[in-house]
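A.B. asks:
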Amino acid sequence: MTRVISKQSGQTWFPVIGLEVHCQLRTRTKLFCGCANEFGAEPNTQVCPVCSGQPGALPVMNSRALELALRAAVALDCDVAPWSKFDRKNYFYCDLPKGYQISQFDRPYCTGGGIELASGKRIALTRIHLEDDAGKAIHDRGPDTLVDLNRAGIPLIESVTEPDLTNADEAFEYLTRLKEIFQYIGASDCDMEKGSLRCDVNISVRLEGEELRTKVELKNLNSFRNVKAAIDYEIQRQIEAWENPDETAHPVQETRLYDTNRGVTRTMRAKEDAHDYRYFPDPDLPELHVSAEQLERIRRELPELPAARRARYAEQFELSEYDASVLASEREVADYFELAVRGSGRAKETANWITNELLSARNERGPETKLEELGVSAEALAEMIELIAAGTLSKSAGRKVLAAMIETGKRAGVLVVELGLEQVQDTGQLEEWCRAALVGQDKAIADIRDGQQKAIGALIGQVMKASAGKADPAKAREILLRFVQEHG
Amino acid sequence: MTNENTPAVQKCAALARLQVEPEQVERLAEDFDRILDAFRGLTELDVSGVKPMTGALDLQDIVRADEPRPSLERERLLAPAPKVEDGFFAVPKTVDGDA
Ligand SMILES: [Zn+2]
Numbered sequence: 001m002t003r004v005i006s007k008q009s010g011q012t013w014f015p016v017i018g019l020e021v022h023c024q025l026r027t028r029t030k031l032f033c034g035c036a037n038e039f040g041a042e043p044n045t046q047v048c049p050v051c052s053g054q055p056g057a058l059p060v061m062n063s064r065a066l067e068l069a070l071r072a073a074v075a076l077d078c079d080v081a082p083w084s085k086f087d088r089k090n091y092f093y094c095d096l097p098k099g100y101q102i103s104q105f106d107r108p109y110c111t112g113g114g115i116e117l118a119s120g121k122r123i124a125l126t127r128i129h130l131e132d133d134a135g136k137a138i139h140d141r142g143p144d145t146l147v148d149l150n151r152a153g154i155p156l157i158e159s160v161t162e163p164d165l166t167n168a169d170e171a172f173e174y175l176t177r178l179k180e181i182f183q184y185i186g187a188s189d190c191d192m193e194k195g196s197l198r199c200d201v202n203i204s205v206r207l208e209g210e211e212l213r214t215k216v217e218l219k220n221l222n223s224f225r226n227v228k229a230a231i232d233y234e235i236q237r238q239i240e241a242w243e244n245p246d247e248t249a250h251p252v253q254e255t256r257l258y259d260t261n262r263g264v265t266r267t268m269r270a271k272e273d274a275h276d277y278r279y280f281p282d283p284d285l286p287e288l289h290v291s292a293e294q295l296e297r298i299r300r301e302l303p304e305l306p307a308a309r310r311a312r313y314a315e316q317f318e319l320s321e322y323d324a325s326v327l328a329s330e331r332e333v334a335d336y337f338e339l340a341v342r343g344s345g346r347a348k349e350t351a352n353w354i355t356n357e358l359l360s361a362r363n364e365r366g367p368e369t370k371l372e373e374l375g376v377s378a379e380a381l382a383e384m385i386e387l388i389a390a391g392t393l394s395k396s397a398g399r400k401v402l403a404a405m406i407e408t409g410k411r412a413g414v415l416v417v418e419l420g421l422e423q424v425q426d427t428g429q430l431e432e433w434c435r436a437a438l439v440g441q442d443k444a445i446a447d448i449r450d451g452q453q454k455a456i457g458a459l460i461g462q463v464m465k466a467s468a469g470k471a472d473p474a475k476a477r478e479i480l481l482r483f484v485q486e487h488g
Numbered sequence: 489m490t491n492e493n494t495p496a497v498q499k500c501a502a503l504a505r506l507q508v509e510p511e512q513v514e515r516l517a518e519d520f521d522r523i524l525d526a527f528r529g530l531t532e533l534d535v536s537g538v539k540p541m542t543g544a545l546d547l548q549d550i551v552r553a554d555e556p557r558p559s560l561e562r563e564r565l566l567a568p569a570p571k572v573e574d575g576f577f578a579v580p581k582t583v584d585g586d587a
């Protein structure tokens, strides 16, 4: 339970937060018609009589959308309803050609479930339901509002949490976990920039022992960072508003938009009847039934989820919590790691090379880059790690080899020879480098003799530099220590 | 305007974005009376033990494969629109939301 102490009054307030997350399902076609579900097409080129709401056009459910929605439900441990139905949510807006959204009202396809945060706290889900997306209205290009219906009819799942969250960090973590899971199971890209994940926040604050106070809905949150910032801002705003002696300044039930530039939330002007949706069952769509066998098959086919992998990596491979978390958070990276460990047999080294080198190389190329695009297969990485373990290659030379592998696509064994990076084991050569490193280092030598082992590091560094990374640092250390003892 | 359904008529008209003239409201309110009466009759029936009905069709689980089909030609889609701009439908600016 997060407490927020008011700066003005010293009172203790408790934030109450719930999230509604819309995710576009990764199907090839829309929910009720065969138009393509693809981002970035020319406006109004992926629209047909069904998704533009022409009279007489009939919707037919996409079986893949149901499959992906059920995967999401199983992955989040929800109770899938044996049958559900579709309802019309009626409202007028220029991006909604049918005049209603096809959604699920009183019989969603699943209820319950939840996500556990790292602290062990579980954020419970109220429900998830299937619905079709609205089109896109653009307001900032000229005097008119411009409408593109390509998005109209794209399948969405909306997951609604209980008001279990109490601060911005929990919201951020919940969203991160939800995104990981949906990406893992192939249900959604969850790309906020492309609008395939959208998040609304319900938020209020209350005093100890109180019932819930007026809640406010926050919209227009286009990154996880903005969700966090908007929640932090809104908690403070509401506390100040409640503590204002003027009652007319108190929070009211409303929708507020987050202004990214100014970092504040502001009232969205809306018509009062906007929320009278007059739901009723969609007469064009029959009931949807889900059998126990179907659910069992989906459960069986689900990949191991990030939380389970994280725990297994820490346990089986003795990885740090951080490494386990980084590796498990994307399915491609996790699969790559496991394949590389199978090849090298060295989990910790493999984890380090992936998290320190490969992922930074990938991130440098941009957020969309896949690990695969670096052109270093898991087997190739395993080979390089083996070369280091065998003493053929030093770690620092390994870094150069890996960079060359990314650049050329060649295998480590070939590059070691081509780049002349084979580790020098020859004692005569090593001794020469060590002797040179000790010249003029009387202070360091005295420190080492005094038992200050730290001083040796700088000397090894000298040797590595002189050898262009080819010296075996362990041997160099031995020789340096011997020389220091013999010295003077 | 004595009919108790007058506010309901006005609300429905507003939700449906219909402009209803004052003289029409009275007549519609009387229609509402008869329609609502009919439904009131339904609520008096004993339906305990009757399975709730979700639709008039005796169908369930009608699904299709996730296979793309051609969409409309954009020109055809946009042809009936009162105003078009750059391949978009152009409509009067709406105030709420910058989604
Ligand atoms: Zn369509």
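From first to last, the protein sequence lines are chains A and B.
Per the working numbering, the first sequence starts with residue 1, numbered consecutively.
Per the working numbering, the second sequence starts with residue 489, numbered consecutively.
Every residue, glycine too, gets a C-beta built ideally from N, C-alpha and C.
All values derive from a computational prediction rather than experimental measurement.
What separation, rounded to the nearest whole angstrom, lies between the Cα atoms of residue 411 of chain A and residue 310 of chain A?
C.D. replies: When rounded, the distance between both Cα atoms is 30 Å.
A.B. asks: Taking the C-alpha atoms as reference points, what is the distance between residue 101 of chain A and residue 169 of chain A?
C.D. replies: 32 Å
A.B. asks: Find the residues of chain A that neighbour residue 523 of chain B, judging by a C-beta separation of less than 9 Å, and give them in chain order.
C.D. replies: Against chain A, a Cβ distance below 9 Å from residue 523 of chain B picks out nothing, because the smallest value is about 15 Å.
A.B. asks: Quick one: list the residues of chain B neighbouring residue 147 of chain A, beta-carbon separation under 7 Å, in chain order.
C.D. replies: 576, 577, 579
A.B. asks: Would you report the Cα separation of residue 398 of chain A and residue 16 of chain A, rounded to the nearest angstrom?
C.D. replies: 51 Å
A.B. asks: What residues come near ligand 1, if near means a beta carbon less than 5 Å from any of its heavy atoms?
C.D. replies: A:33, A:35, A:48, A:50, A:51
A.B. asks: Can you list, in chain order, the residues of its chain whose CB lies under 6 Å from that of residue 39 of chain A, leaving out five sequence neighbours each side?
C.D. replies: 194
A.B. asks: Are three or more beta carbon pairs between the segment 62-75 of chain A and the segment 114-122 of chain A nearer than 8 Å?
C.D. replies: no
A.B. asks: Does any residue of chain A have a CB that is nearer than 7 Å to the CB of residue 534 of chain B?
C.D. replies: Taking 7 Å as the threshold, the shortest C-beta distance from residue 534 of chain B to chain A does not fall below it.
A.B. asks: What's the gap between the Cα of residue 359 of chain A and the Cα of residue 440 of chain A?
C.D. replies: 41 Å
A.B. asks: With which residues is residue 375 of chain A paired in a DSSP beta bridge?
C.D. replies: According to DSSP, residue 375 of chain A bridges with nothing at all.
A.B. asks: CB-CB under 6 Å to residue 127 of chain A, same chain, minus the five flanking residues each way: which ones, in chain order?
C.D. replies: Within the same chain, residue 127 of chain A has close Cβ partners 108, 111, 160.
A.B. asks: Could you check where the beta strand (DSSP E) with residue 184 of chain A kicks off and where it finishes?
C.D. replies: First-last for residue 184 of chain A: 168-184, but that is the alpha helix (DSSP H), not the beta strand (DSSP E).
A.B. asks: Give me, in chain order, the residues of the same chain whose beta-carbon lies closer than 6 Å to that of residue 197 of chain A; leave out the 5 immediate sequence neighbours on both sides.
C.D. replies: Here the set comprises 23, 190.
A.B. asks: Which whole-angstrom value is the C-beta distance of residue 434 of chain A and residue 416 of chain A, which I expect to be below 8 Å?
C.D. replies: About 23 Å separates the two Cβ atoms, so there is no contact after all.
A.B. asks: Which of the three DSSP states is assigned to residue 18 of chain A in this structure?
C.D. replies: strand
A.B. asks: What's the gap between the Cα of residue 222 of chain A and the Cα of residue 329 of chain A?
C.D. replies: 21 Å
A.B. asks: Would you mind giving the Cβ-Cβ distance between residue 579 of chain B and residue 147 of chain A, rounded to the nearest angstrom? I have them listed as a contact below 8 Å.
C.D. replies: 6 Å
A.B. asks: Can you give me, in chain order, the residues of the segment 542-564 of chain B that have a beta carbon less than 7 Å from any beta carbon in chain A?
C.D. replies: 542, 543, 544, 545, 547, 548, 549, 550, 551, 552, 553, 554, 555, 556, 557, 559, 560, 562
A.B. asks: Identify, in the order they occur along the chain, each residue of the same chain with its Cβ nearer than 6 Å to the Cβ of residue 336 of chain A, setting aside the five sequence neighbours on each side.
C.D. replies: Around residue 336 of chain A: 371, 378.
A.B. asks: Quick one: does residue 531 of chain B have its CB under 7 Å from some CB of chain A?
C.D. replies: no
A.B. asks: Can you list the residues of chain B that residue 489 of chain A reaches, using a CB-CB cut of under 8 Å?
C.D. replies: Look at the range of chain A in this structure, 1 to 488, and you will see that residue 489 of chain A is not part of it.
A.B. asks: Give me the subset of the segment 504-518 of chain B whose CB atoms are less than 9 Å from a CB atom of chain A, sorted by chain position.
C.D. replies: Within the segment 504-518 of chain B, the qualifying residues are 504, 505.
A.B. asks: Looking only at C-alpha atoms, which of A:437, A:475, A:443 sits nearest to residue 427 of chain A?
C.D. replies: A:475
A.B. asks: Classify residue 485 of chain A as helix, strand or coil using the three-state DSSP reduction.
C.D. replies: helix
A.B. asks: What residues from chain A crowd round residue 571 of chain B, counting only those whose CB sits closer than 8 Å?
C.D. replies: 144
A.B. asks: Any idea what DSSP makes of residue 224 of chain A, helix, strand or coil?
C.D. replies: Of the three classes helix, strand and coil, the one that applies to residue 224 of chain A here is helix, per DSSP.
A.B. asks: How would you list, in chain order, the residues of chain A whose beta-carbon sits under 8 Å from the beta-carbon of residue 582 of chain B?
C.D. replies: 93, 94, 137, 139, 145
A.B. asks: Say whether chain B places a C-beta atom closer than 7 Å to the C-beta of residue 47 of chain A.
C.D. replies: yes
A.B. asks: In the DSSP assignment, the alpha helix (DSSP H) including residue 510 of chain B goes from what residue to what residue?
C.D. replies: For residue 510 of chain B, the enclosing alpha helix (DSSP H) stretches over residues 510-531.
A.B. asks: What residue ranges within the segment 250-331 of chain A form continuous beta strand (DSSP E) runs of no fewer than 3 residues, ordered along the chain?
C.D. replies: 254-259, 264-267
A.B. asks: In the DSSP assignment, the beta strand (DSSP E) including residue 578 of chain B goes from what residue to what residue?
C.D. replies: 576-579
A.B. asks: Report buried or exposed for residue 167 of chain A, applying the criterion of at least 16 other Cβ atoms within 10 angstroms of its Cβ.
C.D. replies: buried
A.B. asks: At a Cβ threshold of 7 Å, is residue 287 of chain A touching chain B?
C.D. replies: Chain B, which has a Cβ nearer than 7 Å to the Cβ of residue 287 of chain A, makes this yes.
A.B. asks: Got a sec: is the Cβ-Cβ distance from residue 43 of chain A to anything in chain B below 7 Å?
C.D. replies: yes
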